[in-house]
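Peer 1:
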Amino acid sequence: MFLWKACSNCLPTRDKLHQRRVNVDTRGRTQKCNNVASDFFILFRQMQRKLSQQELEKWAVTAWAIWTVRNKFYFQHYQTNPKVIANMASGLLEEYQRLMDTQGQN
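Taking full-length UniProt numbering, I'd label the letters of the sequence shown as residues 1 to 106.
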(Lines of atoms letter the chains of each structure in order from A and count residues from 1; the text may use other names and numbers.)
(Lines give C-alpha, C1' and ligand atoms only; values in the text may rest on other atoms or scores of the structure.)
Protein backbone atom coordinates (compact mmCIF):
# COMPACT_ATOMS: atom_id res chain seq x y z
CA MET A 1 0.00 0.00 0.00
CA PHE A 2 2.84 2.40 0.84
CA LEU A 3 4.49 2.01 -2.57
CA TRP A 4 1.22 2.50 -4.39
CA LYS A 5 0.47 5.64 -2.40
CA ALA A 6 3.99 6.99 -2.85
CA CYS A 7 4.03 6.33 -6.60
CA SER A 8 0.51 7.73 -7.02
CA ASN A 9 1.36 10.89 -5.09
CA CYS A 10 -1.20 9.98 -2.42
CA LEU A 11 0.93 9.96 0.74
CA PRO A 12 -0.33 12.46 3.31
CA THR A 13 2.54 14.91 2.91
CA ARG A 14 2.38 18.48 4.14
CA ASP A 15 1.45 19.67 0.62
CA LYS A 16 -1.28 17.04 0.24
CA LEU A 17 -2.72 17.84 3.66
CA HIS A 18 -2.68 21.54 2.82
CA GLN A 19 -4.57 20.81 -0.43
CA ARG A 20 -7.19 18.99 1.65
CA ARG A 21 -7.40 22.02 3.93
CA VAL A 22 -5.88 20.18 6.89
CA ASN A 23 -3.97 22.57 9.12
CA VAL A 24 -0.49 21.21 9.81
CA ASP A 25 1.68 23.15 12.23
CA THR A 26 5.06 23.66 10.61
CA ARG A 27 6.63 26.10 13.05
CA GLY A 28 10.15 25.13 13.94
CA ARG A 29 10.21 22.36 11.36
CA THR A 30 12.46 22.27 8.37
CA GLN A 31 11.59 20.69 5.09
CA LYS A 32 14.61 18.61 4.17
CA CYS A 33 13.44 17.52 0.74
CA ASN A 34 11.77 19.79 -1.77
CA ASN A 35 11.69 17.35 -4.69
CA VAL A 36 8.56 17.04 -6.75
CA ALA A 37 6.23 14.15 -6.01
CA SER A 38 6.97 12.34 -9.27
CA ASP A 39 10.55 11.78 -8.09
CA PHE A 40 9.49 8.80 -5.97
CA PHE A 41 7.88 7.07 -8.95
CA ILE A 42 10.97 7.71 -11.07
CA LEU A 43 13.18 6.37 -8.28
CA PHE A 44 10.98 3.28 -7.89
CA ARG A 45 11.12 2.55 -11.65
CA GLN A 46 14.92 2.87 -11.58
CA MET A 47 15.11 0.50 -8.62
CA GLN A 48 12.90 -2.00 -10.47
CA ARG A 49 15.35 -2.02 -13.38
CA LYS A 50 18.52 -2.20 -11.29
CA LEU A 51 17.66 -4.44 -8.34
CA SER A 52 16.79 -8.09 -8.05
CA GLN A 53 13.33 -8.95 -6.74
CA GLN A 54 14.79 -9.66 -3.30
CA GLU A 55 16.71 -6.36 -3.24
CA LEU A 56 13.65 -4.45 -4.45
CA GLU A 57 11.55 -5.93 -1.64
CA LYS A 58 14.16 -4.90 0.91
CA TRP A 59 14.34 -1.39 -0.59
CA ALA A 60 10.54 -1.04 -0.50
CA VAL A 61 10.25 -2.16 3.12
CA THR A 62 13.13 0.12 4.11
CA ALA A 63 11.46 3.09 2.37
CA TRP A 64 8.25 2.34 4.28
CA ALA A 65 10.18 2.09 7.57
CA ILE A 66 11.88 5.43 6.94
CA TRP A 67 8.51 7.06 6.16
CA THR A 68 7.01 5.57 9.33
CA VAL A 69 9.77 6.73 11.68
CA ARG A 70 9.88 10.11 9.95
CA ASN A 71 6.21 10.56 10.84
CA LYS A 72 6.90 9.41 14.39
CA PHE A 73 9.62 12.05 14.67
CA TYR A 74 7.48 14.74 13.06
CA PHE A 75 4.37 14.17 15.16
CA GLN A 76 5.73 12.67 18.39
CA HIS A 77 9.26 14.15 18.44
CA TYR A 78 10.66 10.62 18.83
CA GLN A 79 13.95 9.99 17.06
CA THR A 80 14.81 6.46 15.98
CA ASN A 81 18.35 5.18 15.56
CA PRO A 82 19.06 4.28 11.90
CA LYS A 83 20.18 0.78 12.95
CA VAL A 84 16.77 0.26 14.56
CA ILE A 85 15.09 1.34 11.32
CA ALA A 86 17.19 -1.12 9.30
CA ASN A 87 16.51 -3.93 11.78
CA MET A 88 12.78 -3.14 11.76
CA ALA A 89 12.68 -3.28 7.96
CA SER A 90 14.66 -6.53 7.82
CA GLY A 91 12.49 -8.12 10.50
CA LEU A 92 9.25 -7.19 8.76
CA LEU A 93 10.50 -8.49 5.43
CA GLU A 94 11.67 -11.76 6.96
CA GLU A 95 8.31 -12.21 8.69
CA TYR A 96 6.45 -11.51 5.44
CA GLN A 97 8.63 -13.96 3.51
CA ARG A 98 8.09 -16.66 6.17
CA LEU A 99 4.33 -16.16 5.94
CA MET A 100 4.44 -16.36 2.15
CA ASP A 101 6.53 -19.56 2.32
CA THR A 102 4.06 -21.07 4.81
CA GLN A 103 1.10 -20.23 2.57
CA GLY A 104 2.91 -21.69 -0.43
CA GLN A 105 3.37 -25.00 1.40
CA ASN A 106 -0.34 -25.33 2.24
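In this text, a Cβ means the ideal position worked out from N, Cα and C, and glycines have one as well.
Taking 8 Å as the threshold (C-beta atoms), are Gln46 and Leu56 in contact?
Peer 2: The sequence position of residue 56 within the sequence shown is 56, counting from 1. The sequence position of residue 46 within the sequence shown is 46, counting from 1. No, the Cβ-Cβ distance between Leu56 and Gln46 is not below 8 Å.
Peer 1: Phe40 and Ala6 - do their beta-carbons sit closer together than 8 Å?
Peer 2: For the purposes of this step, residue 6 is identified with residue 6 of the sequence shown, where counting begins at 1. For the purposes of this step, residue 40 is identified with residue 40 of the sequence shown, where counting begins at 1. Yes; because the gap between Cβ atoms is below 8 Å, this pair is in contact.
Peer 1: Determine the DSSP secondary structure at Thr30, reduced to helix, strand or coil.
Peer 2: The sequence position of residue 30 within the sequence shown is 30, counting from 1. Note on Thr30: pLDDT 47, under 50, position unreliable in the model; no value is reported.
Peer 1: Suppose the cutoff is 7 Å on Cβ atoms and the five residues either side in sequence are ignored; what does the same chain contact list for Leu51 look like?
Peer 2: Counted from its first residue, the sequence shown places residue 51 at position 51. Answer for Leu51: Trp59, listed in chain order.
Peer 1: According to DSSP, is Tyr74 part of a helix, a strand, or is it coil?
Peer 2: Position 74 of the sequence shown holds residue 74. Tyr74: helix per DSSP, three-state reduction.
Peer 1: From Gln79 to Thr62, what distance separates their C-alpha atoms?
Peer 2: Along the sequence shown, read from residue 1 onward, the residue named residue 79 stands at position 79. Along the sequence shown, read from residue 1 onward, the residue named residue 62 stands at position 62. Their Cα atoms are separated by approximately 16 Å.
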